[in-house]
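In what follows, a structure is listed as structure tokens, so that the remarks can point back to it.
Protein chains: 2
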Amino acid sequence: MKEFTSKSAEKHYYEKEASEADFLTWYQAQDQPKYEKPSVTVDMVLMCYNKEEEQLKIALIQRKGHPFRNSWALPGGFVNPNESTGQSVIRETQEEIGVTISKQNIEQLHTFSTPGRDPRGWVITVSYLAFIGEEPLSAGDDANQVRWFSLERKANQIYLTSGEIEIILDLVTGASVGKDTLAFDHSAIILKAFKRVANKMEHEPQVLLVLGKDFTITEARKVFAKFLGIDFKMIDHSNFKKSMLQYFTEVGEKPVGIGRPSKIYRLNDAFLGDKM
Amino acid sequence: MKEFTSKSAEKHYYEKEASEADFLTWYQAQDQPKYEKPSVTVDMVLMCYNKEEEQLKIALIQRKGHPFRNSWALPGGFVNPNESTGQSVIRETQEEIGVTISKQNIEQLHTFSTPGRDPRGWVITVSYLAFIGEEPLSAGDDANQVRWFSLERKANQIYLTSGEIEIILDLVTGASVGKDTLAFDHSAIILKAFKRVANKMEHEPQVLLVLGKDFTITEARKVFAKFLGIDFKMIDHSNFKKSMLQYFTEVGEKPVGIGRPSKIYRLNDAFLGDKM
DNA sequence: ATAATAGTGTCTTTTAGACACTATCGT
DNA sequence: ACGATAGTGTCTAAAAGACACTATTAT
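Below is the structure:
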């Protein structure tokens with residue numbers, strides 16, 4: 001082992017003179033951590049659509065422990081070593097609400113790092129977005145309950161409701177305006193997600209995955225209308241179909257229900273995996 | 001101070017029964033870190049445009065220390081406590097290359113976290129994108145040199161060149177195909193940035209900030225052409241002007257140079273700050 | 001005058017949108 | 001038959017694009 005007159009001389013030698021292999025061996029042997037490090041979490045904005053209620057839904061959990069005990073929050077949790085944040089968010093979504101998503105169907109949203117965003121200290125979070133057909137949620141260990149909250153846009157406000165709970169977010173100011181509030185800065189994350197979807201759904205209609213694999217034109221119109229905060233009849237059936245047909249393909253016919261039987265469509269493969 | 005029969009009973013009490021204030025007091029007093037934490041860095045993709053050479057440029061530093069000593073890399077560094085990642089990247093850009101950017105002019109790109117992306121261990125990075133008019137760079141302590149590299153798109157490859165150094169990236173495969181390579185996964189970060197700009201510059205022409213505050217229509221055409229990998233004459237002057245005039249305003253006339261004097265334009269304020 | 005650049009005007013093609021019409025079901 | 005839904009076709013207005021033309025400068 002080499003001898004050094006000082007710690008800083010040693011550092012200089014390994015960083016600037018030794019081989020990279022020697023540097024790494026030395027580096028791993030040092031007292032970690034040299035710098036203070038943040039905790040890193042992931043959060044998932046998971047949306048679906050209930051065809052009977054004609055409502056968009058977002059999955060929220062009620063936190064069992066501090067901080068924000070009993071508050072509602074996005075599913076998520078700490079990132080583990082040897083895991084990408086994408087893998088973490090898939091694992092946490094599975095653990096906390098019992099929903100399995102593939103890595104093709106998650107999209108990274110934004111990383112939030114405002115100092116003070118977590119009362120425990122220095123925590124930054126990488127947020128993700130995903131769409132699935134409606135399925136039951138099951139609470140993991142960290143949650144008292146898990147619920148699909150209805151997500152309704154009225155003018156420039158977003159109403160998140162489930163039973164007696166109502167959380168109101170303002171699309172313009174970004175603030176939470178109701179009496180119930182979400183944990184951490186999860187309001188900001190949800191608003192970011194909502195705006196992102198609304199802005200690009202006409203060119204990247206992955207949103208339609210909230211309808212499950214297959215859907216009808218009118219169901220697709222209804223989902224779009226929800227994000228735009230308008231009645232679906234404001235979106236002309238004929239024109240909508242004409243412009244969207246490039247993104248999905250007819251796969252069958254729906255034999256039930258009132259009115260003329262609708263055809264069934266499915267998103268083209270190009271819109272399922274491999275986003276930008 | 002309360003007494004507990006076991007550490008886990010204590011944890012349960014503070015997380016699930018105590019008040020949030022008591023929980024936080026207890027939490028801060030615990031031996032940190034309970035979980036292993038990653039280091040978090042930021043990286044800046046900073047672009048400008050040299051009007052004489054008619055070349056897009058990207059700022060790269062040559063690393064002074066391991067890992068990747070003497071390799072070229074994006075400016076960036078470790079995030080400090082009590083700093084958002086946005087603030088970090090502004091600070092690091094100032095320290096490493098001597099360029100001052102405002103927070104309105106940076107855009108978060110993506111967070112990279114693939115295990116193994118940094119040989120020192122668990123490091124994730126939050127990448128940012130910014131455009132400035134050309135200005136001299138000055139190397140900070142961590143860099144041997146700092147340089148503006150020319151960034152040229154030829155078909156689906158990106159050539160980064162400066163003097164004898166040439167780094168080639170493939171837009172399709174995402175891989176680095178030349179003999180010189182960048183440090184870490186910085187190729188992937190640059191490609192992500194390039195694709196992002198190319199995809200949205202028609203609707204959000206902040207790219208034009210690479211021309212400095214003011215520019216002519218033809219200069220703008222040239223910048224666009226660089227990102228599209230075509231000759232600027234392929235972009236019709238008249239049609240380009242018609243469609244872009246909604247984004248910028250005439251502010252004067254340029255009295256020098258060959259040909260009819262061009263008018264000077266400036267990006268509307270709406271496109272300088274406050275991105276989605 | 002001519003080459004080089006900047007800017008205007010016109011015409012065509014494409015796309016987006018309004019809207020009237022036809023088709024098929026349950027009641 | 002009628003209301004409700006789904007789907008087609010037509011017409012118009014707006015946007016995108018091709019291209020010819022005019023304007024101003026250096027040489």
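Residue numbers (full-length UniProt numbering), protein chains in the order written: chain A, 1 to 276; chain B, 1 to 276. Positions of the beta carbon are idealized from the N, C-alpha and C atoms, including for glycine.
Margin query: Quick test of your reading: P205/A and F271/A, contact by CB under 8 Å. State the CB separation rounded to the nearest angstrom.
Written below: Against the first sequence, residue 205/A aligns to sequence position 205. Against the first sequence, residue 271/A aligns to sequence position 271. With 8 Å as the limit, P205/A and F271/A qualify as a contact, their Cβ atoms being about 6 Å apart.
Check: Using the rule of at least 16 other Cβ atoms within 10 Å of the residue's Cβ for burial, across every protein chain shown, is D274/A buried or exposed?
Finding: As a first step, residue 274/A must be located in the first sequence, where it is residue number 274. Note that D274/A scores a pLDDT of 42, beneath 50, so its modelled location is shaky; the value from the coordinates is reported in the next line. Exposed is the call here.
Item checked: Close beta carbons around E219/B, own chain, < 7 Å, minus the five adjacent residues each side -> Here the question's residue 219/B lines up with position 219 in the second sequence. Taken in chain order, the residues that qualify are K51, L211.
Check: Alpha carbon to alpha carbon, how far is K195/A from K11/A?
Finding: For this step, residue 195/A is matched to residue 195 along the first sequence. For this step, residue 11/A is matched to residue 11 along the first sequence. The alpha-carbon atoms of K195/A and K11/A are separated by roughly 47 Å.
Next item on the list: Indicate the three-state DSSP secondary structure (helix, strand or coil) for E252/A in the structure shown.
Entry: Locating residue 252/A in the first sequence gives position 252, counting from the first residue. Per the sequence shown, the amino acid found at residue 252/A is Gly instead of Glu. G252/A: strand per DSSP, three-state reduction.
Item checked: DSSP three-state assignment for L191/B, whether helix, strand or coil -> Along the second sequence, read from residue 1 onward, the residue named residue 191/B stands at position 191. Helix, per DSSP.
Margin query: I'd like to confirm the pairing. Which residues does DSSP put opposite L74/A in its beta bridges?
Written below: Here the question's residue 74/A lines up with position 74 in the first sequence. None; L74/A has no bridge partner.
Notebook entry, point to check: Considering Y49/A, what are the terminal residues of the beta strand (DSSP E) in which it resides?
Noted result: Against the first sequence, residue 49/A aligns to sequence position 49. That run of the beta strand (DSSP E) goes 39 to 50.
Check: Closest by CA to Y265/A, which one among G257/A, E250/A, M47/A?
Finding: Position 265 of the first sequence, counting from 1, holds the residue named residue 265/A. It is E250/A.
Notebook entry, point to check: Which value, in whole angstroms, describes the spacing of the CA atoms of M276/B and F4/B?
Noted result: The count along the second sequence starts at 1 and reaches residue 276/B at position 276. The count along the second sequence starts at 1 and reaches residue 4/B at position 4. Low local confidence applies: a pLDDT of 40 at M276/B is under 50, so the model's placement there is unreliable, with the coordinate-based value given in what follows. M276/B and F4/B: Cα-Cα distance of roughly 50 Å.
Check: With 9 Å set as the bound, which would you pick, yes or no: does the beta-carbon of Q68/A sit closer than that to a beta-carbon of chain B?
Finding: Here the question's residue 68/A lines up with position 68 in the first sequence. The sequence given here has Phe at residue 68/A, not Gln. Yes, because at least one Cβ of chain B sits closer than 9 Å to the Cβ of F68/A.
Margin query: Here's a check: name, in chain order, each residue in its chain whose Cβ is nearer than 7 Å to the Cβ of Q94/A, leaving out the five neighbours to either side.
Written below: Working through the first sequence from its first residue, we reach residue 94/A at position 94. For Q94/A, where only same-chain residues beyond five positions count, the Cβ hits under 7 Å are T100.
Next item on the list: Could you tell me whether the region 14 to 23 of chain A touches the region 178 to 191 of chain A, where touching means 3 or more Cβ pairs closer than 8 Å?
Entry: no
Next item on the list: Can you grab the Cα-Cα spacing for the pair G163/B / E134/A, in whole Å?
Entry: If you number the second sequence from 1, residue 163/B lands on position 163. If you number the first sequence from 1, residue 134/A lands on position 134. Roughly 57 Å separates the two Cα atoms.
Next item on the list: On a CA-only basis, which of E166/B, L129/B, G121/B is nearest W26/A? Give me that one, please.
Entry: Counting from one through the first sequence, the residue named residue 26/A turns up at place 26. Nearest of E166/B, L129/B, G121/B to W26/A, Cα basis: G121/B.
Next item on the list: Mind reading off the beta-carbon distance from G229/A to A155/A? Whole number of angstroms is fine, and I expect it under 8 Å.
Entry: What you label residue 229/A is simply residue 229 of the first sequence in a count that begins at 1. What you label residue 155/A is simply residue 155 of the first sequence in a count that begins at 1. Indeed, because the Cβ distance is near 6 Å, the residues count as touching under 8 Å.
Margin query: I want to verify the contact list: residues of chain A whose CB lies under 7 Å from the CB of G65/B, in sequence order.
Written below: Mapped onto the second sequence, residue 65/B falls at position 65. Within 7 Å Cβ-Cβ: E15, K16.
Notebook entry, point to check: Are the beta-carbon atoms belonging to S39/B and V123/B less than 9 Å from one another?
Noted result: One-based indexing of the second sequence puts residue 39/B at position 39. One-based indexing of the second sequence puts residue 123/B at position 123. Contact flag set, yes.
Checklist line | K7/A to Y13/A span [Cα, whole Å] | finding: Indexing the first sequence from 1 puts residue 7/A at position 7. Indexing the first sequence from 1 puts residue 13/A at position 13. Taking the straight line joining both Cα atoms gives about 10 Å.
Item checked: Where the alpha helix (DSSP H) containing F4/A begins and where it ends -> Counted from its first residue, the first sequence places residue 4/A at position 4. No alpha helix (DSSP H) contains F4/A, which DSSP labels as neither H nor E.
Check: H110/A bridges to which residues according to DSSP?
Finding: Translated into the one-based positions of the first sequence, residue 110/A becomes position 110. Answer by DSSP bridge pairing, in chain order: S127/A.
Item checked: Inter-residue Cα distance where the pair is M47/B and S71/A -> Here the question's residue 47/B lines up with position 47 in the second sequence. Here the question's residue 71/A lines up with position 71 in the first sequence. One C-alpha to the other measures close to 43 Å.
Notebook entry, point to check: Which first and last residues belong to the alpha helix (DSSP H) in which F68/A is found?
Noted result: Sequence index remark: in the first sequence, residue 68/A carries index 68 (1-based). Here F68/A belongs to no alpha helix (DSSP H), and DSSP marks it neither H nor E.
Check: For a contact meaning CB atoms closer than 9 Å, what does N156/B contact in chain A?
Finding: As a working note, residue 156/B is residue 156 in the second sequence. The premise fails here: N156/B is roughly 15 Å from chain A at the closest Cβ pair, so nothing lies under 9 Å.
Notebook entry, point to check: Out of P136/A, T161/A, S138/A, Q87/A, which has the shortest C-alpha to C-alpha gap to Y128/A?
Noted result: Within the first sequence, numbered from 1, the residue matching residue 128/A stands at position 128. For the residues P136/A, T161/A, S138/A, Q87/A, the minimum Cα distance to Y128/A belongs to Q87/A.
Check: According to DSSP, what are the bridge partners of T210/A?
Finding: The residue labelled residue 210/A in the question sits at position 210 within the first sequence. Going by the sequence as given, residue 210/A is Val instead of Thr. Answer is none; V210/A lacks a bridge partner.
Check: Of all Cβ atoms in chain A, is any one closer than 9 Å to the Cβ of N50/B?
Finding: Locating residue 50/B in the second sequence gives position 50, counting from the first residue. Output row for N50/B: interface = no.
Checklist line | Minimum Cβ-Cβ distance from D274/A to chain B less than 9 Å | finding: Residue numbering aside, residue 274/A sits at position 274 when the first sequence is read from its first letter. Confidence is the limiting factor: at D274/A the pLDDT is only 42, short of 50, which leaves the residue's position unreliable, though a coordinate-based value still follows. No, D274/A lies away from the interface with chain B (no Cβ there is under 9 Å from its Cβ).
Notebook entry, point to check: Assuming G98/A contacts S138/A under a Cβ cut-off of 8 Å, what Cβ separation, rounded to an integer in Å, is found between them?
Noted result: The sequence position of residue 98/A within the first sequence is 98, counting from 1. The sequence position of residue 138/A within the first sequence is 138, counting from 1. About 4 Å separates the two Cβ atoms, so the contact holds.
Note to self: Suppose contacts are defined by Cβ-Cβ distances below 9 Å. Is K37/A in contact with G65/B by that definition?
What the structure shows: Position 37 of the first sequence, counted from the start, is the residue given in the question as residue 37/A. Position 65 of the second sequence, counted from the start, is the residue given in the question as residue 65/B. Result no, Cβ atoms of K37/A and G65/B do not sit closer than 9 Å.
Check: Are the beta-carbon atoms of V126/A and Q104/A separated by less than 9 Å?
Finding: Reading the first sequence from its first residue, position 126 is the one you call residue 126/A. Reading the first sequence from its first residue, position 104 is the one you call residue 104/A. Cβ distance not < 9 Å, so V126/A and Q104/A don't count as in contact.
Checklist line | N144/B in three-state terms, based on DSSP | finding: Counting from 1 along the second sequence, the entry for residue 144/B is found at position 144. N144/B falls in the strand class under three-state DSSP.
Margin query: Given a cut-off of 9 Å on the beta-carbon distance, is the pair G178/B and I168/B in contact?
Written below: The count along the second sequence starts at 1 and reaches residue 178/B at position 178. The count along the second sequence starts at 1 and reaches residue 168/B at position 168. For G178/B and I168/B, yes; Cβs fall inside 9 Å.
Next item on the list: Could you spell out the range, first to last residue, of the alpha helix (DSSP H) harbouring I97/A?
Entry: Here residue 97/A is taken as the residue at index 97 of the first sequence, counted from 1. That run of the alpha helix (DSSP H) goes 85 to 97.
Check: Can F149/A and A59/A be called in contact, C-beta distance under 9 Å?
Finding: By 1-based counting over the first sequence, the position of residue 149/A is 149. By 1-based counting over the first sequence, the position of residue 59/A is 59. The answer is yes: Cβ separation under 9 Å.
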